[in-house]
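Peer 1: Protein chains in written order, with this note's numbering: chain A, 158 to 412; chain B, 158 to 412.
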DNA sequence: AACAACTGTGTAAGCCGTCTACTATTTCTC
DNA sequence: GAGAAATAGTAGACGGCTTACACAGTTGTT
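1. Here's the rule: buried if 16 or more other CB atoms are within 10 angstroms of the residue's CB, otherwise exposed. What is residue 221/B?
2. Could you spell out the range, first to last residue, of the alpha helix (DSSP H) harbouring residue 241/A?
3. Run through DSSP, which three-state label would residue 258/B get?
4. Give me the chain B residues within the contact set of residue 404/A, using Cβ-Cβ distance strictly less than 8 Å, ordered along the chain.
5. On the premise that residue 288/B lies in contact with residue 245/B, defined as a C-beta separation below 8 Å, what is that separation, rounded to the nearest angstrom?
6. If contact means a Cβ-Cβ distance below 8 Å, which residues of the segment 276 to 297 of chain B contact chain A?
7. Counting Cβ pairs, one atom from each stretch, are 3 or more of them under 8 Å apart for the segment 276 to 287 of chain B and the segment 243 to 259 of chain B?
8. If I follow the unbroken alpha helix (DSSP H) through residue 201/B, where does it start and stop?
9. Confirm, please, whether the CB-CB distance from residue 403/A to residue 268/A is below 9 Å.
10. Quick check on residue 398/A - is its C-beta less than 9 Å from some C-beta in chain B?
11. I need the straight-line Cα distance from residue 365/B to residue 182/A, nearest angstrom please.
12. Assuming residue 271/B and residue 312/B form a contact by the criterion Cβ under 8 Å, report the distance between their Cβ atoms to the nearest whole angstrom.
13. Within 9 Å of any Cβ in chain B, is that where the Cβ of residue 203/A sits?
14. Mark residue 405/A as exposed unless 16 or more other C-beta atoms lie within 10 angstroms of its C-beta, in which case mark it buried.
15. Only counting the same chain, and skipping five residues up and downstream in sequence, which positions put a Cβ closer than 7 Å to that of residue 304/A?
16. Short of 7 Å in beta carbon distance, which residues of its chain neighbour residue 233/A, apart from the five on each side in sequence? Order them along the chain.
17. Who are the neighbours of residue 261/B on chain A, taking C-beta pairs under 8 Å?
18. Contact criterion: CB-CB distance below 9 Å. Does residue 333/A meet it with respect to chain B?
19. Residue 290/A to residue 310/A, Cα distance in whole Å?
20. Look at the Cβ atom of residue 322/A, then the Cβ atom of residue 273/B, and state whether they are nearer than 9 Å.
21. Using a 10 Å radius around the Cβ and a threshold of 16 neighbouring Cβ atoms, would you call residue 350/A buried or exposed?
22. State whether the segment 392 to 399 of chain A contacts the segment 199 to 216 of chain B, with contact taken as three or more CB pairs (one from each stretch) at a distance under 8 Å.
23. Does the Cβ of residue 213/A have 16 or more other Cβ atoms within 10 Å, making it buried, or fewer, making it exposed?
24. So what's residue 411/B in DSSP terms, helix, strand or just coil?
25. Helix, strand or coil for residue 376/A? Go by DSSP, reduced to three states.
26. Going along the chain, which residues of its own chain have a beta-carbon closer than 8 Å to the beta-carbon of residue 302/B, five neighbours each way excluded?
27. Listing by chain order, which chain A residues have their CB less than 7 Å from the CB of residue 182/B?
28. Using a Cβ-Cβ distance under 9 Å, would residue 391/A count as near chain B?
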């Protein structure tokens, strides 16, 4: 039995909501006033979980590990968070952070800025890519989307097309960051430890051999290309794809 | 100690490879010939795991459940598969299946066909979206990519740009399918069970209220748009985004 | 001031998941 | 046929999520 009760009457039925959604929007009561004061807080739990995720990935943000680092037993956390899933939702929302301020005049420049900032956020918090995506927007998540949609709305597109374009850019930032994580740039590879370097090299050699012996030469050729030898981020896959998407949107806007 | 040994000398060091990669390409020996014949096979295990994933999602493709359905103990599976991760890799590769045959003449039409087929595959096997993405290509995976790259290569783009474009389309199919899964069309919603319908409705009502009370009206407006009331797939977000991406690529090809 | 209601934490335990010994049994090779 | 090798079963360690229960501390009410 959790202490969570809703005092103010909310029109929607909170029971049918996915775990964590109501909590993320702060729609749950923190509990009554009788009884001992909580020794900790949801914010503290999320902060510790973020630390763990930063250090060892999303799998390390487990209830036992968070509890151990705080100094309580595992199930004491259930006084603050109703389930693991809720913790993850709150964790992810916090990791999104606030969207960047976007310039007013040029929608294209603003959209590009938005995309690059999101891409960078995914790079700096790689485990955010491992959080399963749902459509249920959380506050920070929604603020990002709202910023982009506001900018794209200035093109005169219909609202639904605006949303589609926003999804396109969100998707690209996410996928690009995932790709970057898995295929590190030469600079990143140099910073990596020997084991990781060996693993990357082993995969490349192995895959090239397999692809060619299976007559998949087009892929093999593309993978051998100097893209993987280039250090400059401006020429990488993310920027290339971003330019194509923005070109496509621009062509649509001009009809 | 597994029975897996490599007899033919492979230049790459298989030890450094991520789990499942060598197995997916069939580079591991099936074991010696002494001893009892295996009562089962990797193919059978993957088929059963696929059944389970189709029925209850990727989480249901666990070793205990697969073993129970086959009629063996859990760890007997370790005679066929070296780890859970390897099973998932093999499962995912099998789910990709063979790429469609693509027409020769029009690269744009071929790329669109490729994207739609991939999108449909993700729709029919939603759990494939839950398999964490790595760059390590597996045979079917690579065959899909090879087919698309071959087509895109006819535009005369540099190999690295070809690969980038392919990633763009792959990303879009994946993200679009994920979006479709989370925001079902009205037709799909009608087919859903009452609980699911109630959940979807609850989320929409709740989110709309929260977005507006947080002054995130741009998102709220876009979400209320008749897009969600339209049944026709050709007008949905996936097709819209696909057209924009292809437009962007076409503009680049024509320089 | 005393009691009752309520809340936070600890202990214990259940369930499920991955994975590693060890043992017994079957089958192939010599 | 005898020994070697591989397969499947038994048992168990370990970690994760979650619930039930008891205890202790705090608050509001009588």
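Every residue gets a Cβ at the ideal spot worked out from N, C-alpha and C, and that includes glycine.
Peer 2: By the coordinates alone:
1. exposed
2. 241 to 253
3. coil
4. 404, 405, 408, 409
5. 6 Å
6. 287, 289, 290, 291, 292, 293, 294, 296
7. yes
8. 199 to 213
9. yes
10. yes
11. 12 Å
12. The pair is not a contact, with the Cβ atoms about 14 Å apart (cut-off 8 Å).
13. no
14. buried
15. 256, 259, 271
16. 224
17. In chain order: nothing, as chain A lies at least about 14 Å away.
18. yes
19. 25 Å
20. no
21. exposed
22. no
23. exposed
24. coil
25. helix
26. 294, 323, 327
27. 367
28. Legend: pLDDT at residue 391/A = 42, less than 50; position of this residue unreliable, value from coordinates given subsequently. With 9 Å as the cut-off, residue 391/A does not count as an interface residue toward chain B.
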